[in-house]
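To start, the structure itself, in structure tokens.
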Amino acid sequence: MIFWLLLPLALVSLIGGQVYIRNQVSGQKEKFDAPFLLLLGLALFAIIYALSLIGTSSLISGLVLLPGSCVGAVISPFAGKLADKRGFKFPLTLGGCLFLLGNCLLLVLQPLLTPVLIVVCHIVIRSGFNLSFANTISNASTLVDRKNMADVNSSFNMLQQFAGSVGVSLATALISLAQKTGQGTLGQRSYQGGRYDFIMFSCLALVTLLAIWQNFRLQEQKNKEN
137 MIFWLLLPLA
147 LVSLIGGQVY
157 IRNQVSGQKE
167 KFDAPFLLLL
177 GLALFAIIYA
187 LSLIGTSSLI
197 SGLVLLPGSC
207 VGAVISPFAG
217 KLADKRGFKF
227 PLTLGGCLFL
237 LGNCLLLVLQ
247 PLLTPVLIVV
257 CHIVIRSGFN
267 LSFANTISNA
277 STLVDRKNMA
287 DVNSSFNMLQ
297 QFAGSVGVSL
307 ATALISLAQK
317 TGQGTLGQRS
327 YQGGRYDFIM
337 FSCLALVTLL
347 AIWQNFRLQE
357 QKNKEN
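Using this note's numbering, you'd call the opening residue of the sequence shown number 137 and step up by one each time.
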């Protein structure tokens, strides 16, 4: 039913885009590499499918994720205004810190987690993500030639979808592996699998924050040299 409900929205977006969006040609003369696109699609599908074979399917509670998604939607325009006023470094760093904090809270508070605490942690994570993602695209666009800006936007959006698919598949696989190979009751094995997930995502969040700091350190160094 999720896909049937989204289908009319996708059709409206498709028709509306064809009618109202008018893009100006940027002047690139290179031909579109259709074989490469096909190979890329097959490769991404193969990775997701392989990960999905590692464990059982997951059930995600939409109501638990809804508050964080709503908060993230409200923060997005604020994040852009914040970048306009204070530059990209502040919202990206703040977003990275919140993203790390939310994941660490899940890890530390795992024995005490309730639906309410999960909602709070997800709000923190989603706030960090929405402060960072769009501003990351905007910041990256300032570092490339104007003719490559569309490529930057496309790459980020493709990677976001792919990373989300890989993350869900890998997190589900870790829980499934813990359930199959761990010791104790099913609940205890599931708990351990969830802990593996929280550790993995906390480490990834730390890497993200370090990448943000390194990015702006290199940008500041380049500006000084120029």
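Yeah, the Cβ is synthetic: ideal placement off N, Cα and C, and Gly gets one too.
- Three or more Cβ pairs closer than 8 Å define a contact, and the region 308 to 317 meets that threshold against the region 327 to 335.
- Straight-line measurement puts the Cα of M294 at about 10 Å from the Cα of L180.
- A residue is called buried when at least 16 other Cβ atoms come within 10 angstroms of its Cβ; G177 does not meet this threshold and is exposed.
- Taken in chain order, the complete beta strand (DSSP E) segments of 3 or more residues contained in the region 188 to 269 number zero; there are none.
- Counting along the chain, G320 sits inside no alpha helix (DSSP H), nor does DSSP assign it H or E at all.
- Taking L202 as reference, the option from S263, L346 and T192 with the minimal CA-CA separation is S263.
- M137 sits in coil when the DSSP states are folded into three classes, being neither helix nor strand.
- If the five residues before and after L342 are omitted, its C-beta is found closer than 8 Å to the C-beta atoms of L236, all from its own chain and listed in chain order.
- In terms of Cβ geometry, G231 and S277 do not form a close pair [threshold 7 Å].
- Between the beta-carbon of C233 and that of L345 there is about 7 Å, and that keeps the pair under the 8 Å contact cut.
- Our two residues, C206 and K360, have alpha carbons roughly 40 Å apart in a direct line.
- By the criterion of a C-beta distance shorter than 7 Å, A270 is surrounded in its chain by S212, A215 and G216, once the five residues flanking it on both sides are discounted.
- Straight-line measurement puts the Cα of L218 at about 49 Å from the Cα of Q319.
- With a cutoff of 7 Å on beta-carbon distance, F352 and K221 are scored as not near each other.
- Between the C-alpha atoms of R158 and I151 there is a straight-line separation of about 13 Å.
- Of the other Cβ atoms in all chains shown, 16 or more fall within 10 Å of the Cβ of F337; this residue is therefore buried.
- Within a 10 Å sphere around the beta-carbon of L322 sit fewer than 16 other beta-carbons, which makes this residue exposed.
- Using a 10 angstroms sphere on the CB of L279, the tally of other CB atoms stays under 16, which defines it as exposed.
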